[in-house]
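>
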Amino acid sequence: MNPRYLPSLIAVLVVLAATGALALALWLQFAMDYTPCSLCIYQRLANLAVLVIVVMGLFWTGAAQRGLWLLASAYALAGAGLAGWQWHLTAVATHRVERCAAVNLLPGEHSFGSWGKDFASALSGHGSCAAAGARTLAGWPITHWSLVFFLICAVLLWIAQWLAGRLGKL
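With this note's numbering, letter number 10 in the sequence shown gets -8, and the count goes up by one each step, no holes.
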């Protein structure tokens, strides 16, 4: 394998992980009836931003590509911050199940036809952030999974952009 492809291979790995994480979040919501909170929705948006920006970076080269991957890593860190805050809320507020501020990013759900309700609900959260963060997956709270996912994405993107810069100078 040509070492010049390694940064792009790492970026593709991040794209696959972000796609899998988004699919998992939607599966938990629609198949397992996990009600997302507003922080869950904002983490989905951070995940979507990482996904879109990394894919954009795959079509660019040089400093533009590295800049896009750094921008995507900033969104990954924002997602990690949101997951960390939700982890904190879960730790201090599990005995008080209060609702977070509701978020509804697509209020015009009827304009999407028969899939409108599901599509709009994928980007609306109204559950308790503490209760949502306390839910587990494979024995570990979802907030922990989310935090680790975002941090790994950020580190992988830093490595990819660093390698792209180093290999570009050879």
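All C-beta atoms in this analysis are idealised placements derived from N, C-alpha and C, irrespective of residue type, glycine included.
(1) Measuring CB atoms only, is the stretch 127 to 136 touching the stretch 53 to 67, in the sense that at least three cross pairs come out at less than 8 Å?
(2) Helix, strand or coil for W69 per DSSP?
(3) Nearest CA to the CA of L40: which residue from G121, I(-8), S106?
(4) Report buried or exposed for A54, applying the criterion of at least 16 other Cβ atoms within 10 angstroms of its Cβ.
(5) Look at Y16 and I35 and say whether their C-beta atoms are less than 9 Å apart.
(6) Are T72 and G115 close, meaning C-beta to C-beta below 9 Å?
(7) Helix, strand or coil for P123 per DSSP?
(8) Are the beta-carbon atoms of L145 and P(-11) separated by less than 9 Å?
(9) Please report the straight-line C-alpha distance between C111 and V74, rounded to a whole angstrom.
(10) Does any residue of chain B bring its CB to less than 9 Å from the CB of L119?
(11) Since L33 contacts A0 with CB under 8 Å, what's their CB separation in whole angstroms?
(12) Is S110 helix, strand or coil by DSSP?
(13) Below 6 Å CB to CB, which residues in the same chain sit around C22 once its five sequence neighbours on both sides are set aside?
(14) I need the straight-line Cα distance from H126 to A7, nearest angstrom please.
(15) Under a Cβ-count criterion, where at least 16 other Cβ atoms within 10 Å of its own Cβ denotes burial, should V137 be classed as buried or exposed?
(16) Distance check for G109 and R(-14), CA to CA, integer angstroms please.
(17) Can you tell me whether W69 is buried or exposed, with buried defined as 16 or more other CB within 10 angstroms of its CB?
Quick look at the numbers:
(1) yes
(2) To locate residue 69, count along the sequence shown from 1; it is residue 87. Here W69 sits in helix by DSSP.
(3) Position 58 of the sequence shown, counted from the first residue, corresponds to residue 40. Out of G121, I(-8), S106, I(-8) has the C-alpha closest to the C-alpha of L40.
(4) Position 72 of the sequence shown, counted from the start, is the residue given in the question as residue 54. Under this definition A54 is a buried residue.
(5) Sequence index remark: in the sequence shown, residue 16 carries index 34 (1-based). Sequence index remark: in the sequence shown, residue 35 carries index 53 (1-based). Result no, Cβ atoms of Y16 and I35 do not sit closer than 9 Å.
(6) Along the sequence shown, one-based indexing puts residue 72 at 90. Along the sequence shown, one-based indexing puts residue 115 at 133. Yes, the Cβ-Cβ distance between T72 and G115 is below 9 Å.
(7) The residue labelled residue 123 in the question sits at position 141 within the sequence shown. Correct three-state label for P123: strand.
(8) Looking up residue 145 in the sequence shown gives position 163. Looking up residue -11 in the sequence shown gives position 7. Their beta carbons are under 9 Å apart, which means L145 touches P(-11) by this criterion.
(9) Taking the first residue of the sequence shown as position 1, residue 111 is located at position 129. Taking the first residue of the sequence shown as position 1, residue 74 is located at position 92. Distance between the alpha carbons of C111 and V74 is about 11 Å.
(10) Looking for chain B here will not work: only one protein chain is present.
(11) Counting from 1 along the sequence shown, the entry for residue 33 is found at position 51. Counting from 1 along the sequence shown, the entry for residue 0 is found at position 18. That belief holds up - the Cβ atoms of L33 and A0 are roughly 4 Å apart, short of 8 Å.
(12) Walking along the sequence shown from the start, residue 110 turns up at place 128. Residue state, collapsed to three classes: coil.
(13) Residue 22 sits at position 40 when you count from the first residue of the sequence shown. These residues qualify, in order along the chain: G107, A114.
(14) By one-based count along the sequence shown, residue 126 stands at place 144. By one-based count along the sequence shown, residue 7 stands at place 25. Approximately 14 Å, taken between the alpha carbons.
(15) Along the sequence shown, one-based indexing puts residue 137 at 155. Per the 10 Å Cβ criterion, exposed.
(16) As a working note, residue -14 is residue 4 in the sequence shown. As a working note, residue 109 is residue 127 in the sequence shown. C-alpha separation (whole angstroms): 46 Å.
(17) Residue mapping note: residue 69 aligns to position 87 of the sequence shown, counting from 1. Burial call: buried.
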